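Peer 1: One structure, pasted below without further comment.
Number of protein chains: 2
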Amino acid sequence: MSDLCDFPQLLAGLGVKPTALRLAVLEVLGASSKALRAQEILEAIRSKRRVNKVTVYRILDGFTRRGILRRLAIEDRVSHYELACEHHPPHPHFQCHNCGQVQCLEPAPLERMWRDLKGPLGNRADRIDIRVEGVCHKCREIS
Amino acid sequence: MSDLCDFPQLLAGLGVKPTALRLAVLEVLGASSKALRAQEILEAIRSKRRVNKVTVYRILDGFTRRGILRRLAIEDRVSHYELACEHHPPHPHFQCHNCGQVQCLEPAPLERMWRDLKGPLGNRADRIDIRVEGVCHKCREIS
DNA sequence: AAATGAAAATCAACTTAGTTGCAAATATCA
DNA sequence: TGATATTTGCAACTAAGTTGATTTTCATTT
Ligand SMILES: [Mn+2]
Ligand SMILES: [Mn+2]
Ligand SMILES: [Zn+2]
Ligand SMILES: [Zn+2]
Chain H
0 MSDLCDFPQL LAGLGVKPTA LRLAVLEVLG ASSKALRAQE ILEAIRSKRR VNKVTVYRIL
60 DGFTRRGILR RLAIEDRVSH YELACEHHPP HPHFQCHNCG QVQCLEPAPL ERMWRDLKGP
120 LGNRADRIDI RVEGVCHKCR EIS
Chain A
0 MSDLCDFPQL LAGLGVKPTA LRLAVLEVLG ASSKALRAQE ILEAIRSKRR VNKVTVYRIL
60 DGFTRRGILR RLAIEDRVSH YELACEHHPP HPHFQCHNCG QVQCLEPAPL ERMWRDLKGP
120 LGNRADRIDI RVEGVCHKCR EIS
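Keeping their order, the protein sequence lines are chains H and A.
Numbering of the first sequence is given in numbering that gives the first Met the number 0, commencing with residue 0 and proceeding in unit increments.
Numbering of the second sequence is given in numbering that gives the first Met the number 0, commencing with residue 0 and proceeding in unit increments.
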């Protein structure tokens, strides 16, 4: 999705060393049009080289803490990850409850929701996640 | 939250036997102003009687399938449950990333989101979940 | 009241996704 | 080169939930 980002430079800007594995994680996510599970990222990297899952989990975690990735709590019991670079502003997601895929939707409606939800609370809102669940285009055709 | 519902009657209407445990699960959720984890429901029941966790998980699962409860994928790796009766229409949720509590927000803005998100897809949207993340009122005071 | 049968609850074992602690391998710097 | 710090790997563990088989409960039928 984002071959627009120069990953080595992105990491350099944050003082993070661009190791082969860190770049591999970013490239897998950059090449995907949808948010991926840690498992899927792991397998994608493994199709090219050998990696330990712990390393991948640690990279995903570190990137999420630094704001390089967003971790989505979109599905029970499995996190999904996506790039959080400027080409990927926060946006709603769609998950098909038949095939499980997580699509990215257009960011547009987010701004308005912010205003509606932020107001009425003594809480401080830092982030808003919108998840649409249903049956995707492909799965509808089949059945 | 919903002492408004007559649980035995609710179950009867669906042809589900109102066993002691099923009612206990509904009463715990009915007495709570926030969505609860399976663990919390289990502990609440255990403070009164002895139960096996499998039974509680199966009850939660059955209720969710029948639409008596909603299962919320609001936090990584832990489901939250809430009553889905007419006094609890679907609504956005707020989770504090300090204390982890999941508050229920007002249902109002949901209708509008539907229209915005349903349209642009070949997908069929069945449900929309909105999750606001931040720091809750209580946790803000403390720090 | 005893026998039958179905639904509900329990138990032990298992699974999945992720985490922890520590050791080995690399990279960086003096 | 050696000393230090960072990254990666390995094995063991955890938390949340699931599975399959067994036992209990409870309403019917005899
Ligand atoms: Mn996305
Ligand atoms: Mn709620
Ligand atoms: Zn699908
Ligand atoms: Zn809080």
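Using N, Cα and C, we set each Cβ at its ideal position, and we do this for glycine too.
In this text the structure is predicted, and so the values were computed from the model without any measurement.
Can you name, in chain order, every residue of its own chain whose Cβ lies under 8 Å from the Cβ of leucine 20 of chain A, other than the five neighbours on each side?
Peer 2: So the list reads Ile44, Val50, Thr54, Val55 and Ile58, once near-sequence residues are dropped.
Peer 1: Checking contacts by CB at 9 Å: is asparagine 122 of chain A closer than that to chain H?
Peer 2: Yes - at least one Cβ of chain H is within 9 Å of the one on asparagine 122 of chain A.
Peer 1: Using three-state DSSP, classify lysine 52 of chain A as helix, strand or coil.
Peer 2: Lysine 52 of chain A falls in the helix class under three-state DSSP.
Peer 1: Would the beta-carbon of valine 77 of chain H be found less than 8 Å away from any heavy atom of ligand 3?
Peer 2: No, since every heavy atom of ligand 3 falls outside the 8 Å radius drawn around the Cβ of valine 77 of chain H.
Peer 1: Please state whether DSSP places leucine 13 of chain A in a helix, a strand or coil.
Peer 2: Coil, per DSSP.
Peer 1: Closest by CA to serine 31 of chain A, which one among A/Ser142, A/Cys103, A/Asp5 and A/Lys52?
Peer 2: That would be A/Cys103, whose Cα lies nearest to the Cα of serine 31 of chain A.
Peer 1: Is it buried or exposed for aspartate 182 of chain A, if we count other Cβ within 10 angstroms and need 16 for buried?
Peer 2: Not covered by the structure: residue 182 of chain A. The range shown for chain A is 0 to 142.
Peer 1: Using a cut-off of 7 Å between C-beta atoms, extract the partners of proline 91 of chain H located in chain A.
Peer 2: Going along chain A in sequence order, the residues near proline 91 of chain H (Cβ under 7 Å) are Leu116.
Peer 1: By the 10 Å Cβ neighbour count, where 16 or more other Cβ atoms means buried, how is arginine 111 of chain H classified, buried or exposed?
Peer 2: Burial call: exposed.
Peer 1: Please compile the residues from chain A whose C-beta is within a distance smaller than 9 Å of the C-beta of arginine 139 of chain H.
Peer 2: Result: Gly121, Asn122 and Arg123.
Peer 1: Check each candidate in H/Arg126, H/Asn122 and H/Val134 and name the one with the smallest Cα separation from glutamate 140 of chain A.
Peer 2: That would be H/Asn122, whose Cα lies nearest to the Cα of glutamate 140 of chain A.
Peer 1: What do you reckon, is the C-beta of alanine 43 of chain A under 8 Å from a heavy atom of ligand 1?
Peer 2: For ligand 1, not one heavy atom lies less than 8 Å from the Cβ of alanine 43 of chain A.
Peer 1: Which residues are close to ligand 1, meaning CB closer than 6 Å to any heavy atom, in chain order?
Peer 2: For ligand 1, the selected residues are H/Ala34, H/Glu81, H/His90, H/His92 and H/Cys103.
Peer 1: Rounded to whole angstroms, what's the CA-CA distance from lysine 16 of chain A to isoleucine 67 of chain A? Just pull it up for me.
Peer 2: Near 13 Å, if we compare the C-alpha coordinates of isoleucine 67 of chain A and lysine 16 of chain A.
Peer 1: Taking only the alpha-carbon atoms, compute the straight-line gap between tryptophan 113 of chain H and serine 78 of chain A and give it to the nearest angstrom.
Peer 2: Answer to the nearest angstrom: the Cα atoms are 24 Å apart.
Peer 1: Closest to aspartate 125 of chain H by CA distance: which of A/Arg126, A/Asp60 and A/Phe93 is it?
Peer 2: Closest option to aspartate 125 of chain H, Cα to Cα, is A/Phe93.
Peer 1: If I follow the unbroken beta strand (DSSP E) through cysteine 103 of chain H, where does it start and stop?
Peer 2: Here the beta strand (DSSP E) through cysteine 103 of chain H covers 101-103.
Peer 1: Against chain A, which members of the segment 124-136 of chain H pass a CB distance test of less than 9 Å?
Peer 2: Against chain A - using a Cβ distance shorter than 9 Å - the residues of the segment 124-136 of chain H are Ala124, Asp125, Arg126, Ile127, Asp128, Ile129, Arg130, Val131, Glu132, Gly133, Val134, Cys135 and His136.
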